[in-house]
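Just below is one structure, and these are the notes that go with it.
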Amino acid sequence: KQVLPDYYLPQQLGPPGEFWWAIYGHLLSPSRGLLIQSSYLILALVGAIYGCKHLFRNLYFWVAVGWAGLHLIVISRNNCWYGGGSFGTRMFTEAFPAFVLLTLLVWSNVFMRLSSLLRRITLSLFIMLTGTSIFINTYQGLYNIYTSKWNIFPTWHVPANEYLFD
């Protein structure tokens, strides 16, 4: 008797050639891409690069980056890296607290160092990108006719590359 389900077994690791394709898919594909579905994280990434001098000394920053990075590597090594027939970044659910922590750290360490004009621009961009993310994950996921077709005629048995990057 085994303790964990089959999908945790080493036999579920995908071929090495698919790893970089899976990384790209997790970050940028239209149906799964983290930076597409949660585009406000682009500002967290830019802010982390901009404020690297202050953030690199913060232990919580390294916890968030390590958590998210290791999670991306683990889910990209899976044979079914795209998570089957679904919509959104559901494979990143376990790493969501790391993204919240990273966003809060960038916001508190970098945002306050910006000039008043740059703060307003950054806040406007953050609100716009957050609104876009909410629209994609709620309205498009619930009411888009293609999402309904996807669920009526599931394509999880079709190779991932044919639909996830369309």
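Numbering (our numbering), first residue to last: 15 to 180. Just so you know, even glycine gets a beta-carbon here, dropped at the ideal spot from N, CA and C. Remember, predicted model here, so these are calculated numbers, not experimental data.
Where do the ends of the alpha helix (DSSP H) carrying residue i lie?
i, result
"residue 51", "48-51"
"residue 17", "Careful: residue 17 lies outside any alpha helix (DSSP H) and carries neither H nor E."
"residue 27", "Note, residue 27: premise wrong, no alpha helix (DSSP H); not H, not E."
"residue 123", "110-124"
"residue 147", "130-149"
"residue 61", "55-64"
Express the C-alpha separation of residue j and residue i in angstroms, rounding to a whole number.
i, j, result
"residue 3", "residue 89", "Lying outside 15 to 180, the shown extent of the chain, residue 3 is not represented and no answer is given."
"residue 115", "residue 87", "19 Å"
"residue 84", "residue 139", "28 Å"
"residue 146", "residue 163", "23 Å"
"residue 154", "residue 15", "42 Å"
"residue 109", "residue 70", "20 Å"
"residue 131", "residue 141", "15 Å"
"residue 27", "residue 129", "48 Å"
"residue 62", "residue 76", "11 Å"
"residue 59", "residue 74", "15 Å"
"residue 111", "residue 31", "30 Å"
Would you mind working out which of the options sits nearest residue i, comparing C-alpha positions?
i, options, result
"residue 40", "121, 61, 67, 97", "97"
"residue 103", "136, 47, 121, 125", "47"
"residue 105", "82, 127, 118", "82"
"residue 49", "160, 151, 94, 74", "151"
"residue 34", "59, 18, 92", "92"
"residue 125", "45, 112, 66", "66"
"residue 79", "101, 113, 156, 42", "113"
"residue 148", "52, 64, 31, 160", "52"
"residue 137", "160, 64, 59, 54", "54"
Taking C-beta to C-beta, are residue i and residue j nearer than 9 Å?
i, j, result
"residue 123", "residue 72", "yes"
"residue 118", "residue 56", "no"
"residue 68", "residue 127", "yes"
"residue 36", "residue 95", "yes"
"residue 43", "residue 101", "no"
Can you tell me which residues form a DSSP beta bridge with residue i?
i, result
"residue 41", "For residue 41, which the question treats as bridged, DSSP gives no partner whatsoever."
"residue 92", "27"
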